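In full-length UniProt numbering, the protein residues as written are 1 to 430. Backbone N, C-alpha and C fix where the C-beta goes; we use that ideal spot for every residue, glycine too. These figures come from a predicted structure and were not determined experimentally. Down below is the structure, laid out as structure tokens.
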């Protein structure tokens, strides 16, 4: 019997070990962690008071039949109960943890655990085992052999405790890794809770420091994840190897971590240290290989800089130019500095002028660029010949734009023209 000072958990195994269930009443209480429980221990009257503001409270009565073989929390008439009720009954949390208990980390959440089962009978069928552990390398026969080997003898079901013991014996160098992940999980949750409470009240400098530390933490974790994914992918690729169609093993689809696409993924892998299963014996990479990787990184950076920057002008070597009205194209560059208070009106006028100019048949190209100084602009116009540009200067739209320049500029604009051989202009978009 529980008293007010004796808070405990009761497991399914504890319930099955009751010597004489006829003399005891077992209740399974499923309630939020913040639930308040008050128990008055009296020989004549035993009362339990539960109060919760965070969610519903479910109470399950366990009859005598439950203690023998079925799950405590459902009578034989409740065999079709939902999986959530089964899970609550199997955990059999008689008293919730105190409010001061820290929140459970995702790594230890039973619903997210490696061995969370649809049936809370403490056993794992081969089908469930295969659905989770199939990786496309081991065949169904090999998985069946592993399934029987974990238990020690052929069986239809595998106790989860034996499976946990099996992996625990093979943790090896990953034992401290998983322990560190658990500590990291708790540390991250604690930091997030503290940040949520203190960030809004902190000064701007403290908020900046918090954002920086959070970004740095994310960056470090992503770098660590990238190394682990590289090692995992390498092992999987080598394990699969070339297989015939008869040897191919179907793998149940499971969500995997996201991958960076394109060259960025290649760059992240090439910049990391070379990893292979034999790297521990082979030692560090040779100097020649390291130099080769450095050259690849430099080439990738150059390619990134040149992407989407192909020029539209292409010189022809040793070209004999012919004289005539169509032998050269004209490029007009206009630099303007706009008054701060007139930026909106000028921007509207500039857009209208660019649209009108670009629609002219003799205009090859027109574009405007905003300089680092947000009030400075540079306008480029490419024309088939000088005569076409001068006719455009006399159009009503061009004169209206020139009046806008006079009214809205901080200083007179600068107009520069230059001629290029017409054969340099590539008339297509390649």
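Residue i by DSSP, collapsed to three states: which one?
| i | result |
| --- | --- |
| residue 369 | strand |
| residue 336 | strand |
| residue 138 | coil |
| residue 178 | helix |
| residue 405 | helix |
| residue 331 | strand |
| residue 354 | helix |
| residue 132 | helix |
| residue 117 | Any reading at residue 117 is ruled out, since the residue's pLDDT is 42, under 50, leaving its predicted position unreliable. |
| residue 424 | helix |
| residue 65 | Residue confidence is low: residue 65 scores 45 on pLDDT, short of 50, so the model does not pin down where it sits. Its coordinate-derived value is still stated next. Of the three classes helix, strand and coil, the one that applies to residue 65 here is helix, per DSSP. |
Mind checking which residues open and close the beta strand (DSSP E) that includes residue i?
| i | result |
| --- | --- |
| residue 125 | 123-125 |
| residue 376 | 376-383 |
| residue 418 | 414-421 |
Can you list, in chain order, the residues of its chain whose CB lies under 6 angstroms from that of residue i, leaving out five sequence neighbours each side?
| i | result |
| --- | --- |
| residue 367 | 380 |
| residue 420 | 329 |
| residue 123 | 157 and 159 |
| residue 143 | 130 |
| residue 412 | none |
| residue 444 | Residue 444 falls outside the range modelled here, since the chain spans only 1 to 430, and no answer is possible. |
| residue 414 | 335 |
| residue 331 | 382 and 418 |
| residue 126 | 147 |
Does the Cβ of residue i have 16 or more other Cβ atoms within 10 Å, making it buried, or fewer, making it exposed?
| i | result |
| --- | --- |
| residue 384 | buried |
| residue 353 | buried |
| residue 292 | exposed |
| residue 432 | A question about residue 432 goes unanswered here, because the residues of the chain that appear run from 1 up to 430. |
| residue 401 | buried |
| residue 357 | buried |
| residue 147 | buried |
| residue 173 | exposed |
| residue 303 | exposed |
| residue 422 | buried |
Whose C-beta lies closer than 7 angstroms to the C-beta of residue i among residues of the same chain, with five residues either side of it excluded?
| i | result |
| --- | --- |
| residue 360 | 392 |
| residue 398 | 392 |
| residue 195 | 210 |
| residue 370 | 377 |
| residue 217 | none |
| residue 342 | 408 |
| residue 365 | 382 |
| residue 154 | 148 |
| residue 206 | none |
| residue 416 | 333 |
Please tell me whether, using a cut-off of 7 angstroms, the distance from the CB of residue i to the nearest non-hydrogen atom of the ligand FAD is below it.
| i | result |
| --- | --- |
| residue 379 | Ligands are entirely absent from the displayed structure, and the ligand FAD is therefore not among its contents. |
At which residues does the alpha helix (DSSP H) containing residue i begin and terminate?
| i | result |
| --- | --- |
| residue 228 | 204-240 |
| residue 341 | Taken as a continuous stretch (DSSP letters only), residue 341 belongs to no alpha helix (DSSP H), as it is neither H nor E. |
| residue 163 | 160-169 |
| residue 386 | 386-393 |
Leaving aside the five residues before and after residue i along the sequence, list all residues of the same chain whose C-beta is less than 8 angstroms from its C-beta, in chain order.
| i | result |
| --- | --- |
| residue 171 | 178 |
| residue 150 | 158, 162, 163 and 166 |
| residue 214 | 195 |
- Message: Under 8 angstroms, with one C-beta from each stretch per pair, do the stretch 384-399 and the stretch 338-348 reach the 3-pair mark?
- Response: no
- Message: Across the stretch 347-367 and the stretch 393-409, are there enough close Cβ pairs to call them in contact, namely three or more that are closer than 8 angstroms?
- Response: yes
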